[in-house]
Amino acid sequence: MAGTTFSLPILPFVLMLLLCNAGGMIKTANAQDKTWCVAKPSATDAELSANLEFACVHVDCTTIQPNGPCFNPNTFINHASVAMNLYYSFHGRNLWNCDYQKSGLITKTDPSYGTCQYA
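With mature numbering (1 follows the signal peptide of the UniProt record, and there is no 0) as the guide, the letters of the sequence shown map in order to residues -31 to -1, 1 to 88.
Okay, structure coming up:
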C-alpha cells in the first residue's frame, strides 16, 4: 500500500515530462520542414487575379514588377504564386494563409527559379 501512494504523486510528473519532451520533438521536426504556397495549376485567371490583388495589398510585391527578379515568366500563375507565397511567409506559414478560396497549394518543394527566390 505504501508503494502505491508513493507512485501516484509521481505519475502526473512523469506524464508531464513525457508530454513536454514529445512536444519538443514535434516542434523540431516541423521547423525543419519548410513549405511554400503556390497557385493551383487548375486555378482560373479570375481566381489568380483576385489572389494577386489580395496578397499585394498586404505585402511588398515589387519582385513581380517589370525588371524584378520574379517578373518572368510574365503570367498570372507565376505572379500569383510569388505574391501568395510572400503573404503566406509573412503571416507565419499557416495553412489558412494559403487557402485563397481553395486555389492555393502548399508544397514542400522550393519553387524558386533563376533569380527568383521564394521566401
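Glycine included, every Cβ here is placed at the ideal spot set by N, Cα and C.
Note that the coordinates shown come from a computational prediction; the quantities given were computed from them, not determined experimentally.
Review point. So the alpha helix (DSSP H) Val26 belongs to, where does it begin and stop?
Key: 14 to 27
Review point. So, using beta-carbon positions, are Ser72 and Lys9 closer together than 8 Å?
Key: Contact: yes.
Check your understanding: Where does His48 land, buried or exposed, given buried means 16+ other C-beta within 10 angstroms?
Key -> buried
Exercise for review: Report yes if the C-beta distance between Thr84 and Pro42 is below 8 Å; otherwise report no.
Suggested key: no
Practice item. Give me the Cα-Cα distance between Ile33 and Pro80, rounded to the nearest whole angstrom. Key: 15 Å
Practice item. Could you tell me whether any Cβ in chain B is nearer than 8 Å to the Cβ of Ser58? Key: Within the model displayed, chain B is absent; a lone protein chain is all it includes.
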